[in-house]
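Here's the structure, in structure tokens; my notes come after.
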Amino acid sequence: MYCTSLISRYPVVAMGILRWLEYLALEPSFFKVASDSYIIYLILLDEIASHHKLQHPAILNLLTLLFEASYPELGAEEQLELRRITVDRMVHLLSCGYAIQVTNYMCQCSERDNMDTSVIRHFVQQVLGIITPPFSHEFANAFLPLLRNEEIMQPLRSTSGNDDDETIEMFI
3 MYCTSLISRY PVVAMGILRW LEYLALEPSF FKVASDSYII YLILLDEIAS
53 HHKLQHPAIL NLLTLLFEAS YPELGAEEQL ELRRITVDRM VHLLSCGYAI
103 QVTNYMCQCS ERDNMDTSVI RHFVQQVLGI ITPPFSHEFA NAFLPLLRNE
153 EIMQPLRSTS GNDDDETIEM FI
């Protein structure tokens, strides 16, 4: 695809697309019109994250805006699905080297009373699926509060396979 080639080669093009996505996402009617193609726009963020480390803070900023936004025109299930898709993009950003910042943000979200625990659990489950030892001390300290949160972890312990249990044990 020509667009992804431009994104990977030119940081200025990537930043332009990032700002365009920010403009689109903050438009109140965006999800009413483009709810089916939302994932396509976010895949562009994955491309930017994969190729331009200096743009990671701007990507996380956009993802947090999307994650925290409320879209009253959408139903509760659709909003939850949008948050999960956004969390998947955060996990990709984490895998591109922005692990501490993404994990710290999700820890802050887990401490909020109005945050759906299933979304945080989805984050933990996705991260456990991609990480392997050795873990940096800083990452382990950032991720450990999520693993110690019983509200998040109890459903995972009862349904996870052995691989996730072993990863959890390494942290705890």
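Residue numbers for the sequence shown follow the working numbering, beginning at 3 and rising by one.
Just so you know, even glycine gets a beta-carbon here, dropped at the ideal spot from N, CA and C.
Along the chain, where does the alpha helix (DSSP H) that runs through residue i open and close?
i, result
"R123", "119-132"
"C111", "101-112"
"H54", "Note, H54: premise wrong, no alpha helix (DSSP H); not H, not E."
"A27", "13-28"
"D115", "Run containing D115: none; DSSP gives neither H nor E here."
"P230", "It is not possible to answer for residue 230, since the shown part of the chain is limited to 3 through 174."
"A78", "78-97"
Leaving out five residues on either side along the sequence, give the residues of the same chain with a beta carbon under 8 Å from the beta carbon of residue i.
i, result
"S72", "Q81"
"T105", "L96, V129, F141, A144, F145, L148"
"A60", "M17, L20"
"Y98", "Here residue 98 turns out to be Cys, not Tyr, going by the sequence shown. Result list for C98: A51, S52, K55, H58, in chain order."
"V93", "V104, F125, Q128, V129, I132"
"R114", "none"
Taking 7 Å as the limit between beta carbons, can you name the residues of its chain near residue i, skipping five residues before and five after?
i, result
"P175", "The question about residue 175 has no answer here: the residues shown for the chain are numbered 3 through 174."
"I154", "S112, T119, I122, R123, V126, L148"
"V15", "L8, I9"
"L23", "Y43, L46, L47, L64"
"M17", "Q57"
"D90", "Q128"
"Q103", "L62"
"N151", "S112"
Smallest Cα separation from residue i: which of the options?
i, options, result
"E70", "L56, Q103, I133, Q110", "Q110"
"M108", "S138, L65, W22, E79", "L65"
"L56", "Y40, E79, V93, Y12", "Y12"
"A78", "M117, P135, H139", "M117"
"S138", "Y100, D115, R159", "Y100"
For residue i, I'd like the list of residues in its chain whose CB is within less than 6 Å of its CB, leaving aside the five on either flank, ordered along the chain.
i, result
"T27", "Sequence inspection shows Ala at residue 27; the Thr mentioned does not correspond to that position. Result list for A27: L68, in chain order."
"E49", "T6, I9"
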